[in-house]
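Undergrad:
In the working numbering, the protein residues as written are 585 to 836.
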């Protein structure tokens, strides 16, 4: 399957046809000075594709200023808690994303504790929505109704060391999602940026994790609820029978 998708755009310079899908972007903007990068991703989508932005109240004015004159940008304020995860789940729970076939989840990741934090974000944006053909390739997977999540394979983490301090909490969340045993395994896109089908995250949404459930921000590097949920997006998809794929269409 992946080989067939790759062959469609093998010819350099050939513009791919846009899939017949309804798409959107959701982005958490902690760093307002990076809002232009998010808007550039939206500009690559067909006219009318909305951008849903979550931002803390103290940074909202800067984000709104950056979006002046831009159509289909919807800004939702959320307290600075749970990094990009809690704001995303809060937005997901409203049902505003339910009508879309595929949604791109982004955030202004800087990872100041990593020397290559800036490079990682730029690479992820480029791979997921860097140009027309890149975006079409990612979205082609969603023509298959079974596709739930699509991400960059270089960010896929499935070796046991990547449980880090989160395994017990992940298994607790999986039990609450009533995930079958075969769905409860380690495999996630580090950085929580990917394309997804909203229906694939239904079991995670049904956990109804409120902002107060997440730890207060203290620059934690591991072991928080948002680190556990990062490892649960794929479990949610697998638990409802959806597939997880890389950008080449390979099953993960």
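The beta-carbon is built from N, C-alpha and C at its ideal position, and this holds for glycine as well. Please read these numbers as outputs of a predicted model, since none were measured by experiment.
(1) Taking only three categories from DSSP, how would you classify residue 604?
(2) Excluding the 5 residues flanking residue 761 on each side, which residues of the same chain have their C-beta closer than 8 Å to its C-beta?
(3) Tell me whether the region 632 to 648 and the region 706 to 723 touch, counting them as touching only if at least three CB pairs, one residue from each stretch, are closer than 8 Å.
(4) Where does residue 602 land, buried or exposed, given buried means 16+ other C-beta within 10 angstroms?
(5) Can you tell me which of 744, 718, 662, 708 puts its alpha carbon nearest to the alpha carbon of residue 689?
(6) By DSSP's criteria, residue 829 is part of a beta bridge. Which residues make up the other side?
(7) Assign residue 761 to one of three DSSP states: helix, strand, or coil.
(8) Contact between the region 640 to 649 and the region 741 to 760: three or more CB pairs below 8 Å?
(9) Using the Cα positions of residue 826 and residue 780, report the straight-line distance between them to the nearest angstrom.
(10) Let's see if you can read the secondary structure: which residues bound the beta strand (DSSP E) around residue 635?
(11) DSSP three-state call for residue 741: helix, strand or coil?
(12) Quick one: give me the first and last residue of the beta strand (DSSP E) that residue 657 is part of.
(13) Do you know offhand how far residue 726's Cα is from residue 836's?
(14) Reducing DSSP to helix, strand and coil, say where residue 709 ends up.
(15) Taking the straight line between their C-alpha atoms, what separation do you get for residue 657 and residue 615?
(16) Hey, residue 687 and residue 610 are a contact pair by Cβ (cut 8 Å); roughly how many whole angstroms apart?
(17) Would residue 813 and residue 673 be called neighbours here (beta carbons separated by less than 9 Å)?
(18) With a cut-off of 8 Å on the beta carbons, I'd call residue 775 and residue 693 a contact; round off their distance for me.
(19) What does the alpha-carbon distance come out to for the pair residue 800 and residue 660?
(20) Return the chain-ordered list of same chain residues with a C-beta closer than 8 Å to the C-beta of residue 594, the five sequence neighbours on each side being excluded.
(21) To which residues of the same chain is residue 525 closer than 7 Å at the C-beta, ignoring the five residues directly before and after it?
(22) Unbroken beta strand (DSSP E) runs of length 3 or more, entirely within the region 772 to 807: which are they?
(23) So, under 8 Å CB-CB, residue 605 and residue 723 are touching, yes? Tell me the CB distance rounded to an integer number of Å.
(24) Tell me which residues share the same chain as residue 670 and place their Cβ nearer than 6 Å to its Cβ, disregarding the 5 neighbours each side in the sequence.
(25) Where does residue 808 land, buried or exposed, given buried means 16+ other C-beta within 10 angstroms?
(26) Whole angstroms are fine: how far does the CA of residue 740 sit from the CA of residue 837?
(27) For a test of the three-state rule: what should DSSP assign to residue 687, helix, strand or coil?
TA: Based on what the coordinates show:
(1) coil
(2) Cβ neighbours of residue 761 beyond the five flanking positions: 787, 788, 790, 791, 816, 819, 820, 823.
(3) no
(4) exposed
(5) 708
(6) 734, 835
(7) If DSSP states are grouped into helix, strand and coil, residue 761 belongs with coil.
(8) no
(9) 10 Å
(10) 635 to 639
(11) strand
(12) 657 to 661
(13) Straight-line measurement puts the Cα of residue 836 at about 15 Å from the Cα of residue 726.
(14) helix
(15) When rounded, the distance between both Cα atoms is 17 Å.
(16) 6 Å
(17) yes
(18) 6 Å
(19) Near 19 Å, if we compare the C-alpha coordinates of residue 660 and residue 800.
(20) Note on residue 594: pLDDT 41, under 50, position unreliable in the model; the coordinate value appears next. There are no such residues.
(21) No statement about residue 525 is possible, as the shown extent of the chain runs from 585 to 836 and does not include it.
(22) 778 to 780
(23) 6 Å
(24) 795, 798
(25) buried
(26) With the chain represented from 585 up to 836, any question about residue 837 goes unanswered, as that position is not in the structure.
(27) The three-state secondary structure of residue 687, taken from DSSP, is strand.
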